[in-house]
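Inspection log for the structure reproduced underneath, given as structure tokens.
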Amino acid sequence: MEILYVAVLILALLALVFGAVLGFAAIRFKVDGDPIVDQIDNLLPQTQCGQCGHPGCKPYAEAIANGEAINRCPPGGEATIKALADLLDLEVIPLDAEHGSEAIRTIAYIREDECIGCTKCIQACPVDAILGAAKQMHTVIVDECTGCDLCVEPCPVDCIDMLPVQVTPGSWHWQHPGHVIATSSLPLSHGTNDNA
Amino acid sequence: MVDYLLILVSTVLVNNFVLVQFLGLCPFMGVSSRLETAMGMSLATTFVLTLASLCSYLTYTYLLEPFGLEFLQTISFILVIAFVVQFTEMVVHKTSPLLHKVLGIFLPLITTNCAVLGVALLNIKKANGFIESILYGFGAAIGFSLVLILFAAMRERITAADVPAPFKGAAIAMISAGIMSLAFMGFTGLVAI
Chain U
1 MEILYVAVLI LALLALVFGA VLGFAAIRFK VDGDPIVDQI DNLLPQTQCG
51 QCGHPGCKPY AEAIANGEAI NRCPPGGEAT IKALADLLDL EVIPLDAEHG
101 SEAIRTIAYI REDECIGCTK CIQACPVDAI LGAAKQMHTV IVDECTGCDL
151 CVEPCPVDCI DMLPVQVTPG SWHWQHPGHV IATSSLPLSH GTNDNA
Chain X
1001 MVDYLLILVS TVLVNNFVLV QFLGLCPFMG VSSRLETAMG MSLATTFVLT
1051 LASLCSYLTY TYLLEPFGLE FLQTISFILV IAFVVQFTEM VVHKTSPLLH
1101 KVLGIFLPLI TTNCAVLGVA LLNIKKANGF IESILYGFGA AIGFSLVLIL
1151 FAAMRERITA ADVPAPFKGA AIAMISAGIM SLAFMGFTGL VAI
């Protein structure tokens, strides 16, 4: 009879210990969503421009998680490719020219007196950065604009310009060392200016 | 050393778990329709079987035997294996998302497979030692993987082949599995374990 008690005790003890450890692990090793997709998505520039051939950054992140090439994001450029290669333990590869080239960051600007209020650019904007209503003048919310160029094409009166982002004391940062070497003409032109 | 090699040869070829002992037939038929899933399943099985034989050996030797509770082996093995695999799955999911992508859903799926429990029970029956137990589990998993991948490759070609209408689908798969099993009977007597 005694062995029965021991058996029940041992099994109950085993179950209790395992249950406790699993419960602890469920909290300690909790994973929100699909971690790899979210991690990739965090590295992408969130311009939602669609130049990679996907409808936005999140779908491209999912495609990368499923094995697509990491060099199809022109707005992110080389920095994004490097970060992605680091995360996924892949080789750094040059930007795929098929999907566009790395350009300076721009934001959209609507010439407001020319705007006819057609709302076409509002529908094209992937991040809802354009404010306006039918037959009313539209304008761009500068902080929200990602510079994706998608609103330029649908405008019937061509009143949208892509302007380079103005450098302000808030947004200025040191130049990347690689950049300085690549554009060695910069200090040279300074020199000629001094001479003149 | 020779003994360990013999255990491996015996479990992989001679006493192959799937084709000779007929354990683990459900994943063998279920996930062998595509080579890629078969490989994922093989990896997960190798992992689980090796781990399971290790844990069940420890449970039996240090928990059940001292108290004379050998009759609890089946239920406690199920408990221990399910726990260890579930725990490992959580840790892998958190620490290595890419590895989790490969093993994915296969890890919890294979946990309560009869091959896994079979290895644990056979280890006790054969009174294998610590290293022998692990090798036995590992060999069984390699045998399972070998057969599963071979079979998946065959089934991929069978889908493209011109099979007579009455044999299409599961029927031809069963027949090929049977012929494979016959072929593996040829290894009988190679090693006497």
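Respectively, the protein sequence lines represent chains U and X. Under our numbering, the first residue of the first sequence carries the number 1, and numbering increases by one thereafter. Under our numbering, the first residue of the second sequence carries the number 1001, and numbering increases by one thereafter. We put the beta carbon where it would ideally sit given N, CA and C, even for glycine.
U:Met162 has U:Ala108 as its beta-bridge partners, per DSSP. About 40 Å separates the beta carbons of U:Ala15 and X:Leu1150, which is beyond the 8 Å limit, so they are not a contact pair. Nearest to X:Ala1115 by alpha-carbon distance, out of X:Thr1011, X:Val1002, X:Tyr1004, is X:Thr1011.
Nearest CB-CB separation between X:Gly1068 and chain U: below the 9 Å threshold. In this structure, DSSP gives U:Leu131 an extended state, which the three-state scheme calls strand. U:Val6: member of the alpha helix (DSSP H) spanning 2-28, first to last residue. Of the candidates U:Ala61, U:Ile160, U:Glu78, the residue whose Cα lies closest to the Cα of U:Gly117 is U:Ile160. At least 9 Å separates the beta-carbon of U:Pro169 from that of U:Ile104.
Note that the C-beta distance between X:Ile1124 and X:Tyr1060 is below 9 Å. In the displayed model, X:Thr1088 falls within a helix according to three-state DSSP. Among the residues facing chain U, X:Ile1075 is included, as its CB has a counterpart in that chain under 9 Å away.
Shown here for U:Ala124: same chain residues with a beta carbon closer than 8 Å to its own, the five before and five after excluded, namely Leu150, Cys151, Glu153, Pro154 in chain order.
Taking the CA atoms as reference points, X:Phe1144 sits about 46 Å from U:Gly77. The residue among X:Phe1047, X:Phe1130, X:Ala1141, X:Met1180 with its C-alpha nearest the C-alpha of X:Ala1153 is X:Met1180.
With a cutoff of 9 Å on beta-carbon distance, X:Leu1072 and U:Leu11 are scored as near each other. For U:Ala65, the number of other beta carbons within 10 angstroms of its own is at least 16, and it is reported as buried.
Nothing from the segment 1020-1052 of chain X brings a Cβ to less than 9 Å from some Cβ of chain U. Excluding its 5 nearest sequence neighbours in each direction, U:Ile110 has C-beta neighbours in its own chain below 7 Å: His138, Thr139, Val140, Cys159, Ile160, listed in chain order.
Among the residues facing chain X, U:Lys30 is included, as its CB has a counterpart in that chain under 9 Å away. Contact of U:Leu16 with chain X is not assigned, every C-beta pair being separated by 9 Å or more. The C-beta of U:Ile107 comes no closer than 9 Å to any C-beta of chain X.
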